[in-house]
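K.L.:
Be aware that the sequence shown starts at 1, since it is given in full-length UniProt numbering, and climbs by one per residue.
I'd like to ask you about the structure that follows.
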Amino acid sequence: MQAAASAVCGFTADLYHTLASTHAGGNVVCAPYSVQLALAMARAGAGSTTADEMDAVLHAPHPRPGTLDSGLNTVDQSLAGRFQDGDGVRQPRVTTANAVWTRLDLVLRSGFQDTLAGYYGAVPHPVDFRGAPEAARQEINTWVSDRTNAKIPELLASGTVSADTSLMLTNTAYLKAAWYYPFNARATAEEPFTRDDGTVVQVPMMRGPFDPMGHLLGDGWRAVDVPLAGNGLAMAIVMPTRDDLATVEAHVDGAWLSALFAGFRYTDIQLRMPRWTFRLPAQLGAALSGLGMTTAFSPYADFTGMSTTDPDLCIDDVVHETFIGVDEKGVEAAAASAVIIRPPSIPVGPQFFVNRPFLYIIHDQVTGVPLFLGRVHDPLVTA
Numbered sequence: 001m002q003a004a005a006s007a008v009c010g011f012t013a014d015l016y017h018t019l020a021s022t023h024a025g026g027n028v029v030c031a032p033y034s035v036q037l038a039l040a041m042a043r044a045g046a047g048s049t050t051a052d053e054m055d056a057v058l059h060a061p062h063p064r065p066g067t068l069d070s071g072l073n074t075v076d077q078s079l080a081g082r083f084q085d086g087d088g089v090r091q092p093r094v095t096t097a098n099a100v101w102t103r104l105d106l107v108l109r110s111g112f113q114d115t116l117a118g119y120y121g122a123v124p125h126p127v128d129f130r131g132a133p134e135a136a137r138q139e140i141n142t143w144v145s146d147r148t149n150a151k152i153p154e155l156l157a158s159g160t161v162s163a164d165t166s167l168m169l170t171n172t173a174y175l176k177a178a179w180y181y182p183f184n185a186r187a188t189a190e191e192p193f194t195r196d197d198g199t200v201v202q203v204p205m206m207r208g209p210f211d212p213m214g215h216l217l218g219d220g221w222r223a224v225d226v227p228l229a230g231n232g233l234a235m236a237i238v239m240p241t242r243d244d245l246a247t248v249e250a251h252v253d254g255a256w257l258s259a260l261f262a263g264f265r266y267t268d269i270q271l272r273m274p275r276w277t278f279r280l281p282a283q284l285g286a287a288l289s290g291l292g293m294t295t296a297f298s299p300y301a302d303f304t305g306m307s308t309t310d311p312d313l314c315i316d317d318v319v320h321e322t323f324i325g326v327d328e329k330g331v332e333a334a335a336a337s338a339v340i341i342r343p344p345s346i347p348v349g350p351q352f353f354v355n356r357p358f359l360y361i362i363h364d365q366v367t368g369v370p371l372f373l374g375r376v377h378d379p380l381v382t383a
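Given below as structure tokens:
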């Protein structure tokens, strides 16, 4: 579990940096854990360079690939055992779900199917991608919406699923939790909030009681760990004490996150923080390629471990959407991720365009004897 947690922290920091840079100056929310589960399922069918690049991006621990599968399963089972049956008030509710959606005539390799079922609880859902892609899109969106309390109603936008879609791997994550120390809604009032550019806006500021919670001072920042009801979940808030938030973000990596979570010390805190709601849909193909997972999106991808009928497959895109709502009662958050897989759009292998004068030799491959030899300067000349 510790190795898997370190992998999730590393991937979380990497993906956050990429999303933050593409949404400079704006709000960002993401659930890299959801993305990592979906990608880890795809990794189970990868080989050669494709697998190596995915392992590096996912911070997969050694020995690979089994440690990542078993570690993520252990983390997921730990969350499910503590929070799957929570009511979202006295005890947090945290649920995840995985699924594999396959074209009707696609045959999965038994090893790939066993890994998905055994470690991720993902069973095949045959859908008619080829004959009815829009119906397949709506079915997958309904599955996602049902498992995110309708907070992610349309993960797959119109046109995302096409007749050449072969396979899709999906994950959902949902959280609902009350605060351990609830805010008094009557005490919420408009207060100033200063942006990084110095402008000031009035926001609904929630006011909490004076209670013990985790606190930590860092180099240019301070953090508070706001506990959620039940046992084991909290929301860490990190705020710069000098410079701007980007300066703090620059230090965020997997080790920084692990040290933050382990460094909190309890003290009495009088907390004020704003209410907010935010949603961010994202297409992560370019982001993941930029992190080093390039081959998986190319015609040279090796996903031969997925299917016996379609050996040539690549990732078309990875779509992700996250929602968060924070108010006086607590937190509700949902995320969904989909890895969309299809055949390569161009032939696998080097391209060779005969568009210049050339030499030709007709030869016997067995004996190595050249039978005819010539050259072509102009194919239109016949004599």
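Positions of the beta carbon are idealized from the N, C-alpha and C atoms, including for glycine.
1. In terms of alpha-carbon separation, which member of N73, N27, G47 lies closest to Y33?
2. Give the single residue among A282, P192, Y120, R109 whose Cα lies nearest to the Cα of S21.
3. Would L284 pass as a contact of V35 if the rule is Cβ separation under 8 Å?
4. Go through its chain and collect everything with a Cβ distance to L27's Cβ below 7 Å, but skip five positions before and after it.
5. Would you check if the segment 125 to 145 and the segment 284 to 296 touch, i.e. whether three or more CB-CB distances between them fall below 8 Å?
6. If I follow the unbroken beta strand (DSSP E) through N171, where does it start and stop?
7. May I have the straight-line CA-CA distance separating Q77 from F83, to the nearest angstrom?
8. With burial defined as no fewer than 16 other Cβ atoms inside 10 Å of the residue's Cβ, what is the status of A255: buried or exposed?
9. Does the segment 320 to 333 come close enough to the segment 124 to 132 that 3 or more CB-CB pairs lie under 8 Å?
10. Threshold first: 3 residues or longer. Then list the beta strand (DSSP E) segments lying entirely within the segment 3 to 63, N to C.
11. DSSP three-state call for V252: helix, strand or coil?
12. Between the beta-carbon of residue 391 and the beta-carbon of G325, is there less than 8 Å?
13. Under the rule that 16 or more other beta-carbon atoms within 10 Å means buried, what is N171, buried or exposed?
14. Please go through the segment 61 to 104 and give each complete beta strand (DSSP E) segment of 3 or more residues, from N-terminal end onward.
15. Output needed for V224: all residues of its chain with C-beta closer than 7 Å, excluding positions within five of it in sequence on either side, in chain order.
16. Could you check if Y120 is buried or exposed, using at least 16 other CB atoms within 10 Å of its CB as the buried criterion?
17. Compare the C-beta of G263 with all C-beta atoms of chain D and state if any pair is closer than 8 Å.
18. Below 8 Å, can you find three or more Cβ-Cβ pairs linking the segment 171 to 187 to the segment 143 to 150?
19. Pick from A38, D128, A189: whose alpha carbon is nearest that of L58?
20. When the Cα of A97 is compared with those of L380, I341, P344, A334, which residue comes out closest?
21. Does the beta-carbon of H320 have 16 or more other beta-carbons within 10 angstroms, so that it is buried, or is it exposed?
22. Going by CA-CA distance only, name the one from A4, M41, L245 that's closest to L167.
23. What residues are listed by DSSP as bridge partners for V200?
24. Are A136 and V100 closer than 8 Å when you measure CB to CB?
25. Leaving out the 5 sequence neighbours to the left and right, which residues in its chain are closer than 7 Å to F112 when beta-carbon positions are compared?
26. Can you list, in chain order, the residues of its chain whose CB lies under 7 Å from that of P344, leaving out five sequence neighbours each side?
27. Using a Cβ-Cβ cutoff of less than 6 Å, which residues in the same chain neighbour G230 once the five nearest sequence positions on both sides are dropped?
28. Taking M1 as the reference, give the member of A51, D69, A56, G47 with the closest Cα.
29. So who's on the other strand from L280, going by DSSP bridges?
30. Compare the C-alpha of L233 against each of L79, P124, A60, P192 and name the closest.
31. Assuming T308 contacts V127 under a Cβ cut-off of 8 Å, what Cβ separation, rounded to an integer in Å, is found between them?
32. Straight-line CA distance for D378 to L19?
33. Look at A51 and P65 and say whether their C-beta atoms are less than 8 Å apart.
34. Assuming A286 is part of the alpha helix (DSSP H), what are its boundary residues?
35. Looking at the unbroken beta strand (DSSP E) that takes in L155, where does it start and where does it end?
36. For G330, name the three-state secondary structure that DSSP assigns.
P.N.:
Reading from the atomic positions:
1. Numbered from 1 along the sequence shown, position 33 holds the residue referred to as residue 33. With respect to the C-alpha of Y33, the residue from N73, N27, G47 having the closest C-alpha is N73.
2. Residue mapping note: residue 21 aligns to position 21 of the sequence shown, counting from 1. Check the Cα spacing between S21 and each of A282, P192, Y120, R109: the tightest is with A282.
3. For the purposes of this step, residue 284 is taken as residue 284 along the sequence shown, with counting starting at 1. For the purposes of this step, residue 35 is taken as residue 35 along the sequence shown, with counting starting at 1. In terms of Cβ geometry, L284 and V35 form a close pair [threshold 8 Å].
4. As a working mapping, residue 27 is identified with position 27 in the sequence shown. The sequence given here places Asn at residue 27; Leu does not occur at that position. Excluding five sequence positions before and after N27, the CB atoms of its chain that fall closer than 7 Å to its own CB belong to F278, given in chain order.
5. They do not touch, by the three-pair rule.
6. The sequence position of residue 171 within the sequence shown is 171, counting from 1. Judged by DSSP secondary structure, N171 falls within the beta strand (DSSP E) whose first and last residues are 167 to 178.
7. Within the sequence shown, numbered from 1, the residue matching residue 77 stands at position 77. Within the sequence shown, numbered from 1, the residue matching residue 83 stands at position 83. Distance between the alpha carbons of Q77 and F83: 10 Å.
8. Here the question's residue 255 lines up with position 255 in the sequence shown. Burial is judged here by how many other beta carbons sit within 10 angstroms of a residue's own beta carbon; A255 has fewer than 16 and is exposed.
9. They do not touch, by the three-pair rule.
10. Within the segment 3 to 63, no run of beta strand (DSSP E) reaches 3 residues while sitting entirely inside it.
11. Position 252 of the sequence shown holds residue 252. Assignment of V252 by DSSP, reduced to helix, strand and coil, places it in the coil class.
12. Since the first and last residues shown for the chain are 1 and 383, residue 391 lies out of range.
13. Within the sequence shown, residue 171 is the residue found at index 171, counting from 1. N171 should be labelled buried.
14. Counting only runs of 3+ residues, the beta strand (DSSP E) found wholly inside the segment 61 to 104 occupies 93 to 103, in chain order.
15. What you label residue 224 is simply residue 224 of the sequence shown in a count that begins at 1. Sequence-distant partners of V224 (beyond 5 residues in either direction) whose C-beta falls short of 7 Å from its own C-beta, in its chain, are M213, G214, H215, I237, I269, L271.
16. Along the sequence shown, one-based indexing puts residue 120 at 120. Result: buried.
17. Looking for chain D here will not work: only one protein chain is present.
18. In short, these stretches touch, since the Cβ pair count reaches three.
19. Within the sequence shown, the letter at position 58 stands for residue 58. Comparing Cα positions, the closest option is A38.
20. By 1-based counting over the sequence shown, the position of residue 97 is 97. For the residues L380, I341, P344, A334, the minimum Cα distance to A97 belongs to A334.
21. By 1-based counting over the sequence shown, the position of residue 320 is 320. By the neighbour-count definition (other C-beta atoms within 10 Å, threshold 16), H320 is a buried residue.
22. Your numbering for residue 167 matches position 167 in the sequence shown. It is M41.
23. Position 200 of the sequence shown, counting from 1, holds the residue named residue 200. Residue pairing by DSSP places V200 opposite T194 in a beta bridge.
24. Numbered from 1 along the sequence shown, position 136 holds the residue referred to as residue 136. Numbered from 1 along the sequence shown, position 100 holds the residue referred to as residue 100. The criterion of a C-beta distance shorter than 8 Å is not satisfied by A136 and V100.
25. Within the sequence shown, the letter at position 112 stands for residue 112. Excluding positions up to five away in sequence, the list reads A44, G45, G305, M306.
26. Taking the first residue of the sequence shown as position 1, residue 344 is located at position 344. Correct list, in chain order: P299, D312, C314.
27. Taking the sequence shown and counting its residues from 1, the one referred to as residue 230 is at position 230. So the list reads Q91, P92, once near-sequence residues are dropped.
28. By 1-based counting over the sequence shown, the position of residue 1 is 1. Here the closest residue by C-alpha is D69.
29. Residue mapping note: residue 280 aligns to position 280 of the sequence shown, counting from 1. According to DSSP, L280 bridges with T322.
30. Looking up residue 233 in the sequence shown gives position 233. For L233, the closest of L79, P124, A60, P192 by C-alpha to C-alpha distance is L79.
31. To locate residue 308, count along the sequence shown from 1; it is residue 308. To locate residue 127, count along the sequence shown from 1; it is residue 127. V127 and T308 do not touch by the CB rule: their CB atoms are close to 19 Å apart, not below 8 Å.
32. As a position in the sequence shown, residue 378 is number 378, starting the count at 1. As a position in the sequence shown, residue 19 is number 19, starting the count at 1. Going by C-alpha positions, D378 is about 53 Å away from L19.
33. In the sequence shown, the residue the question calls residue 51 occupies position 51. In the sequence shown, the residue the question calls residue 65 occupies position 65. For A51 and P65, yes; Cβs fall inside 8 Å.
34. If you number the sequence shown from 1, residue 286 lands on position 286. It spans 285 to 291 - the alpha helix (DSSP H) in which A286 sits, taken as one unbroken run.
35. Here residue 155 refers to the residue found at position 155 when the sequence shown is read from its first residue. Looking at the DSSP string, L155 is not in any beta strand (DSSP E), and its letter there is neither H nor E.
36. Within the sequence shown, residue 330 is the residue found at index 330, counting from 1. The answer is strand: DSSP assigns G330 an E or B state.
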